[in-house]
Each structure stands twice: as C-alpha cells, then as structure tokens.
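Student:
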Amino acid sequence: MSKEKNNNQKKEEIIYFGEKNIICFACGQKINPETEICPYCGISQRNSIDSY
C-alpha cells in the first residue's frame with residue numbers, strides 16, 4: 587500500500603507567472619520570487635523553493 591501511495595503523490599512545483607512573479611503555493615496569489623513570506627497569507631515560500 588505504501589508503494590501505491592508514494593507513486594500517486596505529486597512533487598510540488600514552483601508555478602511561474604510571467605518572468606517576474608510566481609504563484610504562492612498556499613493561497614495562489616502572484617508574488618515576487620525573492621519573497622520569503624507571502625504578504626497575503628503569511629506562509630513561508632523558502633521551504634518550497636529551496637528544495638529544488
């Protein structure tokens with residue numbers, strides 16, 4: 587069962603919106619790629635970006 591679960595999980599990806607913005611993985615707002623904490627929802631963006 588754990589193999590099936592691992593095979594079905596998707597790797598998180600950074601979603602770029604144009605050349606200067608990315609999409610916050612938590613709230614979906616457009617933010618600057620250098621932003622460490624989303625100004626809209628307060629979630630840290632560094633954990634998702636640094637893991638790639």
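With this note's numbering applied, the sequence shown corresponds to residues 587 to 638, in that order.
Yeah, the Cβ is synthetic: ideal placement off N, Cα and C, and Gly gets one too.
Quick caveat: nothing in here was measured; it's all calculated off a predicted structure.
(1) Hey, would you say R632 sits closer than 8 Å to E620, going by beta carbons?
(2) Note down the Cα distance separating F611 from I617, rounded to an integer number of angstroms.
(3) How many angstroms separate the CA atom of N607 from the CA atom of I629?
(4) Hey, which unbroken runs of the beta strand (DSSP E) at 3 residues or more fall wholly within the segment 606-630?
(5) Could you name the residues of the same chain whose beta carbon sits closer than 6 Å to that of Q615, not counting the 5 residues immediately before and after it, in chain order?
Tutor: On the basis of the coordinates in this document:
(1) Counting from 1 along the sequence shown, the entry for residue 632 is found at position 46. Counting from 1 along the sequence shown, the entry for residue 620 is found at position 34. Going by C-beta atoms, R632 is not nearer than 8 Å to E620.
(2) What you label residue 611 is simply residue 25 of the sequence shown in a count that begins at 1. What you label residue 617 is simply residue 31 of the sequence shown in a count that begins at 1. Spanning the two alpha carbons is a distance of roughly 10 Å.
(3) On the sequence shown, residue 607 is found 21 positions in, with the first residue counted as 1. On the sequence shown, residue 629 is found 43 positions in, with the first residue counted as 1. Distance between the alpha carbons of N607 and I629: 16 Å.
(4) 607-609
(5) Reading the sequence shown from its first residue, position 29 is the one you call residue 615. Once the five neighbours on either side are set aside, the close Cβ partners of Q615 are Y626.
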